[in-house]
Amino acid sequence: MGEIDWKKDLGNHFENVRVIELCQAETVAQFDQFCEFIAEPAFEALTDELVPYKIKSEQVKAKGRSIRFVICFPGLKDEQFHYRIALPKNSVELRLKLQIKARRTPKAEYETTDEDFMPGLFPLKVLRMDKDEVVADVVKHYTTFCYKALTSPD
């Protein structure tokens, strides 16, 4: 029977843990870059574009975790639509998640959906996105929700 080198196994384990923790820290830093250089400018552009329609909006950032864009009902301060991009806990690459929370009226409950952010987008491409791609995705989700709310029978 071969010799068991448990010391080498233990050393490898701690090296693997170090590499995973390094990747996780790097991924958080990349997510913060994505927020600063892509998502925040996208949300700012969209905020400016919503002003003529008397629609208030805001962005909320949780450093290293998520960024959210909130759209209020036209002419009101009540929140109607949330577009939240999140970095899942313990991520070792930029595979982001998207959560949409929306409601038909200020008194209604939120409907929530969870999906991948920009399905088919490779993690390495996230930092090369154009802010307009993010704006277009927010607009697509927002308008789809509004049309469904306006035309659904219930």
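Okay, so the sequence shown: first residue is 47 according to the working numbering, each after it adds one.
Beta carbons are placed, not taken as given, at the ideal position from N, Cα and C, and that holds for glycine.
On a predicted model such as this, the values are computed, not experimentally measured, just so you know.
With contacts defined by Cβ atoms closer than 8 Å, Cys81 and Ile113 form a contacting pair.
With a minimum length of 4 residues, the unbroken runs of alpha helix (DSSP H) contained wholly in the stretch 50-100 fall at 52-80 and 86-96.
In this structure, Leu144 sits near Asp162, with a CB-CB distance shorter than 8 Å. Phe163 sits in coil when the DSSP states are folded into three classes, being neither helix nor strand. For Ala108, the three-state secondary structure derived from DSSP is strand. In this structure, Ile117 places its C-beta atom within 8 Å of the C-beta atom of Ile101. Residue pairing by DSSP places Tyr129 opposite Phe115 and Ile146 in a beta bridge. DSSP, read as helix, strand or coil, puts Thr158 in strand. Counting C-beta pairs closer than 8 Å gives fewer than three between the stretch 141-160 and the stretch 92-106, which falls short of the contact rule. Taking the Cα positions, Asp160 is about 24 Å away from Pro199. Non-local C-beta neighbours of Gln76 in its own chain, meaning closer than 7 Å and more than five positions away in sequence, comprise Leu140 and Leu173, ordered along the chain. In terms of CA proximity to Glu86, Phe115 leads the group Val138, Phe115, Asn136 and Gln126.
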